[in-house]
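Residue numbers for the sequence shown follow our numbering, beginning at 6 and rising by one.
Just so you know, even glycine gets a beta-carbon here, dropped at the ideal spot from N, CA and C.
Fair warning: this is a prediction, and the values are worked out from it, not measured in the lab.
Here is the structure we will look at.
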Amino acid sequence: MNDLSPFPAATGESRPPEGSTTPAGIQSTAELRRRRLIVLGLNVATWFVLNAAAWSILGSGGWTIVDIVLALAFAIATPWTVLGFWNALIGLWLLHGDKDAMEEVAPFAGAGDLPTPLGIRTAVFMTLRNEDPERAIARLKIVKASIDATGEGSQFDYFILSDTNRDDIGEREAVAAAAFAAEAGEGRVVYRRRTVNTGFKAGNVRDFLDRWGARYELMLPLDADSLMSGATIVKHVRMMQAYPRLGILQSLVVGMPSSSAFARIFQFGMRQGMRSYTMGQAWWVGDCGPFWGHNALVRIRPFMEQCHLPMLSGEPPLGGHILSHDQVEATFMRRAGYEVRVLPVEEGSWEENPPTILEFSRRDVRWCQGNMQYVKLLDEKGLKPISRFQLVWAILMFVGVPAWTLMITLSPFLAWHGPSSAAFPTTFAAVVYVLFFAMYLMPKIAGFADILMTEDGTERYGGRGRFIAAAATELVFSFLLGALTSFRITVFMIGLAFGKSVTWGGQQRDAMALSWREAWDAFWPQMAFGWVIFGLLWMASPTAALWSLPLTAGFLIAVPFAVLTASPALGRLFVSTRFCGIPEEFETPDEIAKARAA
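Set out below in structure tokens:
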């Protein structure tokens, strides 16, 4: 590596007292408090109204044990839906009802457009573990070339941080990294491999910081499937340079064009849901924003000094090293007196999504175990209230899943032993049912509305007709996918209670087929569960069975759904017709074009 000076004068700056503004002077704390109280009031009131409606329906014929369990499960399952509903509505209002929305949500963003020379150094690194090395390093080369094209390339160095424990892959990594280093020039690229991944990805990053962190002010972590444009990176570095108390700046990461039908449908929906949701969330979260662990700029000194992860008490799966480290690091960064911000703008920051439901489910259970470890961090001293809420929220995201599965499991008992048709408020129940699903889908609905309301918005997706057809397909897809993933998470969470733990390895990122045998072995329990529930409901009331389909259809067709969405033939059809295409497919940035060619 080049012998670089550690930090500019900001190294010795003292921590300013927090008062009328956030630490970076970006926003009024009184205004943020007002927004948070508004969101709290809306969510609490909505939760109570929803649950009051559910309780009146369940208790219409007198309370039974099943009714009480269902009411409690509904109470646990609904907070995530309620907050998503309000985040999406607030975000949609900001996008189309407030001309100063970006100034209110990200008042620091303007600094990125200033023609300020970069005066701080940034380490760009990619973490790998048993990934396809040629594919991953090719992306890092694209990022470097894009940064160099901005004229600011001299302020960046590159690291390949491997935790690969397979020698055959490690040998390929070393060859690819050596070729990249020779091409980049002396001292610009460093490859380091650990054969034992102590601390998982967070330990990998900590090892980098111990070795090289003092030479840089900022770091940009990338995953093996990450891609960013140089113009976006330089713009974000300027924001960090202008605001020394901005500790983490998370970009809005969106999916890349894919040849997998599953990934195309999934990321089409995510693309719509993320923008309005993240805009609404950023409006009230403010300086206590999220960190997703990649495609984000991080200020190294406070991260090194204040964001070291504790070893959790007890044995795995909930004890030991923290798996989902990113959100914990965000809360520690804010505790240290630095702001954590997300910039809710779709601009030059991409990732890939799992190509099959099998890979998607594997990723989900890894996140589940990591998030459930946050239970042991809730009493961590010094965390900001919103930061502590972020940890609670990450836990509730998965706690609500088995609550839903329990409600589905108990629904036949309600159908068989519920109140008579004369006592049951059928119309009211149907209205509540439909309204709840509208709330559940609101992040997607708001995202679709955002595109339809934006001038030439649908043109970026190939036209209005193509966009509406893809949106309808994605809504159905989301119900089917939700059923399968909820069952897998529920079973895994039961396993957690008995010491079951995930294994961490490389991920399959390219399109692939699933055989009928593979799909059957993975998803026959979901199908069996679904057919038993649907059959019992049908015997009690065919009408109830049909009304259950939004919740049960995914179980009923689990195996064919897995095979079909992984079908290479369907993927090729989607690519050729650009169905569920995203804007980058219709107007491809240079970085994505190069990645696809590679």
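Separation of R304 from F337, as counted between CA atoms: The alpha-carbon atoms of F337 and R304 are separated by roughly 13 Å.
Which residues in the same chain as P22 place their Cβ atom closer than 6 Å to its Cβ, once the five residues preceding and following it in sequence are excluded? Confidence at P22 is low in this model, with a pLDDT of 49, below 50, so its placement is unreliable and the value that follows should be read with caution. Hits under 6 Å: none found.
Taking 7 Å as the threshold (C-beta atoms), are E351 and V259 in contact? Yes, these two residues count as a Cβ contact at 7 Å.
Pick from L77, V564, V194 and W372: whose alpha carbon is nearest that of E523? Considering only alpha carbons, the answer is V564.
Helix, strand or coil at E357 [DSSP, three-state]: Three-state DSSP puts E357 in coil, outside helix and strand.
Taking 8 Å as the threshold, find out whether the region 326–343 comes into contact with the region 460–480 through three or more Cβ pairs. Judged by pairs of C-beta atoms under 8 Å, the region 326–343 does not touch the region 460–480, as fewer than three such pairs exist.
Inter-residue spacing [alpha-carbon to alpha-carbon] between S25 and T34: In this model, S25 and T34 are separated by some 6 Å (Cα to Cα).
Would you kindly report the start and end of the unbroken alpha helix (DSSP H) that includes P555? First-last of the alpha helix (DSSP H) with P555: L554 to L561.
Quick check on E139: buried or exposed, where buried means 16 or more other Cβ atoms within 10 Å of its Cβ? E139 should be labelled exposed.
For M517, does the three-state DSSP call read helix, strand or coil? In the structure shown, M517 sits in coil (DSSP, three-state: anything other than H, G, I, E or B).
Would you tell me roughly how many angstroms separate the C-alpha atoms of L419 and E356, rounded to the nearest one? Take the alpha-carbon of L419 and the one of E356: they are about 44 Å apart.
Just the Cα atoms here: how many angstroms apart are G158 and A179? Spanning the two alpha carbons is a distance of roughly 24 Å.
When the Cα of S483 is compared with those of K240, F271 and P262, which residue comes out closest? Just measuring C-alpha positions, the residue of K240, F271 and P262 sitting nearest S483 is F271.
For D8 and D384, what's the separation of their Cα atoms in angstroms? Per-residue confidence for D8 stands at a pLDDT of 33, beneath the threshold of 50, marking its modelled position as unreliable; no derived number is given.
Are the Cβ atoms of R339 and K386 separated by less than 7 Å? Not in contact: R339 and K386 (Cβ atoms no closer than 7 Å).
How big is the Cα-Cα spacing for F79 and E589? Taking the straight line from one Cα to the other gives about 40 Å.
Which same chain residues, not among the five before or five after G64, have their C-beta less than 7 Å away from its C-beta? D72.
Between the beta-carbon of F185 and the beta-carbon of F164, is there less than 7 Å? For F185 and F164, no; Cβs fall outside 7 Å.
Indicate the three-state DSSP secondary structure (helix, strand or coil) for F579 in the structure shown. Of the three classes helix, strand and coil, the one that applies to F579 here is helix, per DSSP.
Beta-bridge pairing of C293 - partner residues as DSSP gives them: Per DSSP, the beta bridge partners of C293 are V345.
Closer than 8 Å is the cut-off here; do at least three beta carbon pairs connect the region 438–452 with the region 86–96? Three or more beta-carbon pairs separated by less than 8 Å link the region 438–452 to the region 86–96, which places the two stretches in contact.
Here's a check: name, in chain order, each residue in its chain whose Cβ is nearer than 7 Å to the Cβ of T410, leaving out the five neighbours to either side. S491, F492 and T495, listed in sequence order.
Run the CB neighbour count on P360, radius 10 Å, all protein chains shown included, and call it buried at 16 or more, exposed below. Counting of Cβ neighbours within 10 angstroms places P360 among the buried residues, the total reaching 16 or more.
DSSP on A602, reduced to helix/strand/coil? In the three-state DSSP reduction, A602 falls in the helix class (H, G or I).
Alpha-carbon spacing of D103 relative to V110, whole angstroms: Their Cα atoms are separated by approximately 11 Å.
L302, buried or exposed, once every other Cβ within 10 Å from all chains shown has been counted against 16: The residue in question, L302, is buried, as its Cβ has 16 or more Cβ neighbours within 10 Å.
Once the 5 residues before and after G298 are set aside, which same chain residues still bring their CB inside 6 Å of it? Around G298, the same chain offers D331 as residues with beta carbons nearer than 6 Å, after the five sequence neighbours per side are excluded.
Is it buried or exposed for F205, if we count other Cβ within 10 angstroms and need 16 for buried? Burial call: buried.
Just verifying my parser: in three-state terms, what is the DSSP assignment at L314? The three-state secondary structure of L314, taken from DSSP, is coil.
Kindly confirm or deny that the region 195–203 and the region 112–121 touch, where touching means at least three C-beta pairs closer than 8 Å. Output reads no: the region 112–121 does not touch the region 195–203.
N135 to L519, Cα distance in whole Å? One C-alpha to the other measures close to 21 Å.
Please classify I62: does DSSP put it in a helix, a strand, or coil? Helix at I62.
Please confirm whether Y196 and R126 have their CB atoms less than 7 Å apart. Between Y196 and R126, the CB-CB gap reaches or exceeds 7 Å.
Proximity below 7 Å, CB of R318 to CB of M233: Before going on, a small fix: residue 318 reads as Ser here, not Arg. Contact: no.
Where L225 falls, given that 16 or more other Cβ within 10 Å makes a residue buried: With 16 or more Cβ atoms within 10 Å of its Cβ, L225 is classed as buried.
Using CA coordinates, which residue listed in A598, P594 and T570 is at the minimum distance from C585? The shortest C-alpha separation from C585 is found at T570.
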